[in-house]
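My numbering numbers the first residue of the sequence shown as 476 and each following residue consecutively.
Have a look at the structure below, then the notes.
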Amino acid sequence: MLDLAPPPAAAGRAPDEATRGGASGRERLLAAAAAQFAAKGYVATSVRDIVNAAGVKAPALYYHFGSKEGLFLALALAREAMAKVEQYRDEALAEGGTAVARIRRLCRAHAAIRREYASLSWIVDQILSGPPEAAPAIDFRGLGCEWLRLFERLVEEGIAQGELRPCPASDLALALLGAVEIAARAEVFGICGQTPEDSLEGMLDLLLARAVPAADPDR
C-alpha cells in the first residue's frame, strides 16, 4: 500500500506552523480548502479565502503546497488517481498466469492510468522537478518506486521460473516502465502513427523478445 504521508519537511519551520486545537497549519489548510472548494467551487475560491478560513497567512499555503492547485491535488485528484492506480494494478495481477503475462497486463494497466489522468501526469512531472517544499502532500516518488519494485519482482519471478533469461531485474523493469512512458508521450505529441495501445505492444514485443527464451504465448 502506498504511503500517503507527506514528504520529509524542508529545512526550517513553516510559516504559521504552530498548532491550534491540535491541528497543524497543513491540516488546517486542508480542512479549510475542502470546505471552501465545496461551498464556492475551485475557480471561485481564492488563496485569501482559504488562508483566512484556516487562520494562517498566505506564505503557509505556498510553503506546504506551492499553490492553490497543489492544495487541490492534495485533496482530490491525486488521491483519486492513486486509488485508481491500486485498482488497475490489482485487477492486472488478479488473473494470475505466467510472470510474462502479468508483466504485459501491468504495463497495459499503467498505460491506461497515464491516458485517463494525462493532465495530472504532466502536473506531477512539474511537481517532481520542483523544490520538495512546494510539492503536495502526496508521495509521488513513493508511487513510482512502488511500481518499479513490482515490475522488478515480476521479472525476478520470471527469471526464477525460466520464463525470462537471466538479466538485471532493475534494468528490465526500468525499460518496461520506459516503454509505457514513451507510448504516453508519443500520443500527447502526436508523433506516433499508430494507436498508443499498438505502440506499447510493439515496444513490449521488442523488449521481451530479447528476454524470453522461447516464443511468448501470453500476449
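Cβ atoms here follow ideal geometry from the backbone N, Cα and C, with glycine treated the same way.
Where does Glu676 land, buried or exposed, given buried means 16+ other C-beta within 10 angstroms?
In the sequence shown, counting from the first residue as 1, residue 676 sits at position 201. By the 10 Å Cβ count, Glu676 comes out buried.
If we count the other Cβ atoms within 10 Å of its Cβ and call it buried at 16 or more, is Gln669 buried or exposed?
Walking along the sequence shown from the start, residue 669 turns up at place 194. It is exposed - the Cβ of Gln669 has fewer than 16 other Cβ atoms within 10 Å.
Hey, out of Phe615, Arg503, Leu504 and Ile588, whose CA is closest to Asp600's CA?
Working through the sequence shown from its first residue, we reach residue 600 at position 125. Closest in alpha carbon position to Asp600, among Phe615, Arg503, Leu504 and Ile588, is Phe615.
Got a sec? Which residues, its chain only, sit under 7 Å from Ala648 by beta carbon, not counting five neighbours each side?
In the sequence shown, the residue the question calls residue 648 occupies position 173. Taken in chain order, the residues that qualify are Leu623, Phe626, Glu627 and Val630.
Do Tyr592 and Ala549 have their CB atoms nearer than 7 Å?
Here residue 592 refers to the residue found at position 117 when the sequence shown is read from its first residue. Here residue 549 refers to the residue found at position 74 when the sequence shown is read from its first residue. No; because the gap between Cβ atoms is not below 7 Å, this pair is not in contact.
Beta carbon of Ala686 nearer than 7 Å to that of Leu639
Position 211 of the sequence shown, counting from 1, holds the residue named residue 686. Position 164 of the sequence shown, counting from 1, holds the residue named residue 639. Contact: yes.
For the alpha helix (DSSP H) containing Arg628, list its first residue and its last residue.
Translated into positions along the sequence shown, residue 628 becomes position 153. Arg628 -> alpha helix (DSSP H) spans Phe615 to Ala635.
Gly496: buried (16+ other C-beta within 10 angstroms of its C-beta) or exposed?
Numbered from its first residue, the sequence shown carries residue 496 at position 21. Reliability of the predicted coordinates at Gly496 is poor, the pLDDT of 42 falling under 50, and the value obtained from them is presented with this limitation in mind. With fewer than 16 neighbouring CB atoms inside 10 Å of its own CB, Gly496 falls in the exposed class.
If you follow the alpha helix (DSSP H) that Gly677 is in, where does it begin and where does it stop?
In the sequence shown, residue 677 corresponds to position 202, counting from 1. Residues Pro671 to Ala686.
In the DSSP assignment, find the alpha helix (DSSP H) that holds Ile666 and state where it starts and stops.
As a position in the sequence shown, residue 666 is number 191, starting the count at 1. First-last for Ile666: undefined, no H or E at that position.
For Ser542 and Leu443, the rounded distance between their alpha carbons
Nothing in the structure corresponds to residue 443, since the chain is present only between 476 and 694.
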